[in-house]
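Asks: The structure's right below; bear with me while I get my questions together.
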Amino acid sequence: MLQVTEISKSFGDLRALDAISLSVGRGQIVGFLGPNGAGKSTTMRAIMGLIATDGGSMTWDGAPISSATRRRFGYMPAERGMYPKMTVRDEVVYFARLAGMQKRAAQAAAATWMERLGIDGRADDEVQALSSGNQQRVQLAIALVHDPELLILDEPFSGLDPLAVENMKVVLSEQLADGTSVLFSSHQLDLVADVSRDVIIIEAGRVVLQGDVSDIRQRAASRHVIVGFDAECDWQPAAPGVEVVDRHARRIHLRVPRSMDPASLLSSAGAAGHVVEFSFAPPDLSEVFLESIAGQNLHHSVLDRARAVR
Amino acid sequence: MTSTSVVRLVMSREIRQRLRSKAFAVSTAVLSIGVLGAGVLTRVLSDDGSPTKYQVAVVGELPDGFADAVAQTAKALDIEVRLQPAVQRQVADRRVRDDAVDAAIDVGAADLVSRNDPADELAAVIDNAWRVTQSRQAAADAGLDDSQIDEILSPSPLGSSVLEADNERDDGVGNLVGTTAAILLFIAINAFGGLVLTGVVEEKSSGVVEVLLAHVRAHQLLAGKVFGIGVIAMAQMSATIAAGLISLRISGRSIPLDVWIGLPTTVFWFLLGFVLYSTLFALAGSFVSRQEDAQSASAPISMVFTIGYLAVFALGTNPTSTVTRIVSVLPPFAPLLMPLRMSVGAASIIEIVVAAIGLIAATFGMLRLAGSVYGRTLLHRGSRLRWKQALRMRS
């Protein structure tokens, strides 16, 4: 299991990481979320030994992470990192060998992964000749080829088409089933909800939320209520703390306190008209995130405007 | 996995990558063919190695002993002079004008006739024979007998003794070998040091260092790259030198002993010089993220190296001067200057040892220094690093 405890890193006056702690168990997948510049890549690079931290500790299965340990990790940086003029096959084999695999085993593993990721047809082409989506697959093959115990994937979904995203999800779930641990980052908070149940959300170098996605959402102070009528209706919900987010002729979107009883809301609406749609749900991850950081009102208005546009 | 096996993996990637590249194949072919071609050309253009022959027409009767004196001096100068009797001055003049003969002697007029200036060696031979025979005649006229004349004309030679032996062999071949070695080293270190430089920048700009350094240590990467490209450089140097030796044979010359002695020591200087400069080039490459900045980052190194190269020509003519002695033992210059000084025999054992130890120490020091900052500078992002900043990044 990966255990990162209170690592910090400053670049000059900028405190990039401020006592970040996180853990990833065996066979667990953890989504590492946060807006751009929050410190996700810096944390991952610190785990991979690419930057020295100012303090804190990092262990794998209880032992401090050494360069020998890291050879059992697979890493995919946010920006592509490959030799542009090597062939796909040579590239994947080379990194397998650097991770300590024997020649034969490396060649076999490279062949397997190129096939699984659908790039075996391009095996003898130079990497630079591939489309960016295919280069991303080569990068993933490099991260996976030595059958790592821990995968550190920095923005693995960015730049992928929906089909490739699905392919990536399948590959990851197979790895998880084999007991591989995965830490992946994304700045698109809501996109990862179906990939991993466990998330860590950071902002400005600090962990602001972590745990099970549905728990986090349930803990949010508000709920979203959507009520649809079969005809135009001017129902005015009269209860403390109810906020109208958006209103159409036959449909109303409210934000209400978590404590509000959905049944009483539904009966109030039912009295005003014939209800054909009713939902009562916690906010999604990005809203919880925005709620949890400072300046809530401002963020609400931003969020509401975003919803209105939708 | 051991450190050596990592370095070997990195090396073999570098070697394979270069062997695949067209630039390497082309440059090796061009160098080898060029050197071979020079040999063939020399062979075609040069004569067969026999002494130069001169024809000289003679007007009038030559004094006694003239032909003997000519033959003797000509032999010493490795030329052949043939004297053709010609009765008339006009005939002789015409032959000279038609280039049928190289010169004519008019004995009566005491005149050497030639179309333009006569060849120096020919003029010397004729002039000497003339003086000898004239002196002999004058001495005989003065009433001296033959033995007295011989005594006057063949004084006992002046001996010579040397108080401070100078072991400099100013034979030209040593100088040629040393200068050629310096030129080859300059070309090779520039070309292959340049490959190291662009190779490092490519790794940085393509972002592949991020993945590499997640698996291997920076100093392993550095060593693998420098040694891998070093192997390639040695291969090309060997091909060029082999072509050079074959070329010498083709041109009909024997390979001087100095070349055989000079080769292994040149290889020694080359290897160390290459590692020293390539490590510097790698370091400079790790300061920048774009190929466009590579040249400016490496400019200080190229400048020092070029100064060393120019010193070969500026100081090479005076290989025992104090300045030359001092400059040639300095590590950045030793690889270029020592082969030259050694091949002309101007370097003392102490100087060679001092230069070699200094260079070995500097190379090791450079490898250690580079190893300690390379990881940081390689992962540095953004604007180009300065040497001062980089040295402060030492871990």
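Residue numbers (the numbering used here), protein chains in the order written: chain A, 1 to 310; chain B, 1001 to 1395.
Note that beta-carbon positions come from the ideal geometry of N, C-alpha and C, so glycine has one too.
Quick one, which of A:275, A:276, A:285 and A:198 has its alpha-carbon nearest residue 222 of chain A's?
Replies: Measuring from the Cα of residue 222 of chain A, the nearest candidate turns out to be A:285.
Asks: Distance, Cα to Cα, residue 173 of chain A vs residue 239 of chain A?
Replies: The alpha-carbon atoms of residue 173 of chain A and residue 239 of chain A are separated by roughly 45 angstroms.
Asks: Closest to residue 1025 of chain B by CA distance: which of B:1154, B:1237, B:1321 and B:1249 is it?
Replies: Nearest of B:1154, B:1237, B:1321 and B:1249 to residue 1025 of chain B, Cα basis: B:1237.
Asks: Starting from residue 16 of chain A, trace the beta strand (DSSP E) in both directions and tell me its first and last residue.
Replies: Its beta strand (DSSP E) spans residues 14-24.
Asks: Where does residue 59 of chain A sit, in a helix, a strand or coil, going by DSSP?
Replies: DSSP places residue 59 of chain A in strand when its eight states are reduced to three.
Asks: With burial defined as no fewer than 16 other Cβ atoms inside 10 Å of the residue's Cβ, what is the status of residue 97 of chain A: buried or exposed?
Replies: Label assigned to residue 97 of chain A: buried.
Asks: For chain B, check one thing: does any of its Cβ atoms lie closer than 8 angstroms to the Cβ of residue 250 of chain A?
Replies: No, no contact with chain B.
Asks: Is the Cβ of residue 1381 of chain B closer than 8 angstroms to any Cβ of chain A?
Replies: Not closer than 8 angstroms to any Cβ of chain A, the Cβ of residue 1381 of chain B fails to qualify, so no.
Asks: So what does DSSP say about residue 253 of chain A, is it helix, strand or coil?
Replies: Looking at residue 253 of chain A - three-state DSSP - the assignment turns out to be strand.
Asks: Considering just the uninterrupted stretch of the beta strand (DSSP E) at residue 9 of chain A, what are its terminal residues?
Replies: From DSSP, the beta strand (DSSP E) with residue 9 of chain A extends over 2-11.
Asks: Do residue 145 of chain A and residue 109 of chain A count as a contact pair if the criterion is CB distance below 8 angstroms?
Replies: Cβ distance < 8 angstroms, so residue 109 of chain A and residue 145 of chain A count as in contact.
Asks: What residue does the alpha helix (DSSP H) around residue 1292 of chain B start on, and which one ends it?
Replies: From DSSP, residue 1292 of chain B is part of no alpha helix (DSSP H); its letter is neither H nor E.
Asks: Does the Cβ of residue 1134 of chain B have 16 or more other Cβ atoms within 10 Å, making it buried, or fewer, making it exposed?
Replies: Residue 1134 of chain B should be labelled exposed.
Asks: When the Cα of residue 207 of chain A is compared with those of A:289, A:137 and A:149, which residue comes out closest?
Replies: Residue A:289 is the option with its Cα nearest to residue 207 of chain A.
Asks: Identify the continuous alpha helix (DSSP H) that holds residue 289 of chain A and give its terminal residues.
Replies: Where residue 289 of chain A is concerned, the enclosing alpha helix (DSSP H) stretches over 285-292.
Asks: If we ignore side chains and look at the alpha-carbon of each, how far apart do residue 53 of chain A and residue 11 of chain A end up?
Replies: C-alpha separation (whole angstroms): 10 angstroms.
Asks: Could you work out which residues of chain A lie near residue 1210 of chain B, taking near to mean beta carbons separated by less than 7 angstroms?
Replies: In chain order: 50, 77 and 81.
Asks: Would you decide whether residue 1039 of chain B is buried or exposed? Buried here means 16 or more other CB atoms lie within 10 Å of its CB.
Replies: Looking at its Cβ environment, which holds 16 or more other Cβ atoms inside 10 Å, residue 1039 of chain B is buried.
Asks: Check whether the region 1119-1135 of chain B and the region 1082-1093 of chain B are in contact - that is, three or more C-beta pairs closer than 8 angstroms.
Replies: The answer is no - the region 1082-1093 of chain B does not touch the region 1119-1135 of chain B, with fewer than three Cβ pairs under 8 angstroms.
Asks: Under a CB-based cut-off of 8 angstroms, is residue 1367 of chain B close to chain A?
Replies: Chain A, which has no Cβ nearer than 8 angstroms to the Cβ of residue 1367 of chain B, makes this no.
Asks: My understanding is that residue 1364 of chain B touches residue 1278 of chain B, with C-beta atoms under 8 angstroms, so please give their C-beta distance in whole angstroms.
Replies: No, residue 1364 of chain B and residue 1278 of chain B are not in contact; Cβ-Cβ is about 14 angstroms, not under 8 angstroms.
Asks: Around the C-beta of residue 1313 of chain B, are 16 or more other C-beta atoms found within 10 angstroms, so that it is buried, or is it exposed?
Replies: The residue in question, residue 1313 of chain B, is exposed, as its Cβ has fewer than 16 Cβ neighbours within 10 Å.
Asks: In terms of residues, what are the limits of the alpha helix (DSSP H) holding residue 224 of chain A?
Replies: Premise fails: residue 224 of chain A lies in the beta strand (DSSP E), 222-229, not in any alpha helix (DSSP H).
Asks: If I'm right that residue 74 of chain A touches residue 143 of chain A with Cβ under 8 angstroms, what's the distance once you round it to whole angstroms?
Replies: Contact holds; Cβ gap of about 4 angstroms.
Asks: Using the beta-carbon count (16 or more within 10 Å), is residue 119 of chain A buried or exposed?
Replies: Answer is buried; the Cβ neighbour count reaches 16.
Asks: Checking 8 angstroms against the spacing of the C-beta atoms, do residue 1370 of chain B and residue 1243 of chain B come in under that value?
Replies: The answer is no: Cβ separation not under 8 angstroms.
Asks: Would residue 1223 of chain B pass as an interface residue toward chain A - the criterion being a Cβ-Cβ separation below 8 angstroms?
Replies: No, because no Cβ of chain A sits closer than 8 angstroms to the Cβ of residue 1223 of chain B.
Asks: Can you give me the Cβ contacts of residue 1195 of chain B inside the same chain, cut-off strictly under 6 angstroms, excluding the 5 residues immediately before and after it?
Replies: Hits under 6 angstroms: 1229.
Asks: Does the distance from the C-beta atom of residue 138 of chain A to that of residue 91 of chain A stay below 8 angstroms?
Replies: Contact: yes.
Asks: Could you give the distance in angstroms between the alpha-carbon of residue 58 of chain A and the alpha-carbon of residue 193 of chain A?
Replies: Looking at the two C-alpha atoms, the distance is approximately 26 angstroms.
Asks: Can you check whether the CB of residue 44 of chain A is closer than 8 angstroms to the CB of residue 154 of chain A?
Replies: Taking 8 angstroms as the Cβ cut-off, residue 154 of chain A and residue 44 of chain A qualify as a contacting pair.
Asks: Under three-state DSSP, which class holds residue 1009 of chain B?
Replies: Note: residue 1009 of chain B maps to helix in three-state DSSP.
Asks: Can you name the start and end residues of the alpha helix (DSSP H) that residue 261 of chain A belongs to?
Replies: Element bounds for residue 261 of chain A: n/a, residue is neither H nor E.
Asks: Should residue 100 of chain A be flagged as near chain B, meaning a C-beta pair shorter than 8 angstroms?
Replies: By this cut-off, residue 100 of chain A is an interface position.
Asks: Pull up the DSSP beta-bridge partners for residue 76 of chain A, would you.
Replies: Answer by DSSP bridge pairing, in chain order: A:153.
Asks: So what does DSSP say about residue 321 of chain A, is it helix, strand or coil?
Replies: Residue coverage of chain A in this structure runs from 1 to 310, which leaves residue 321 of chain A outside it and unanswerable.
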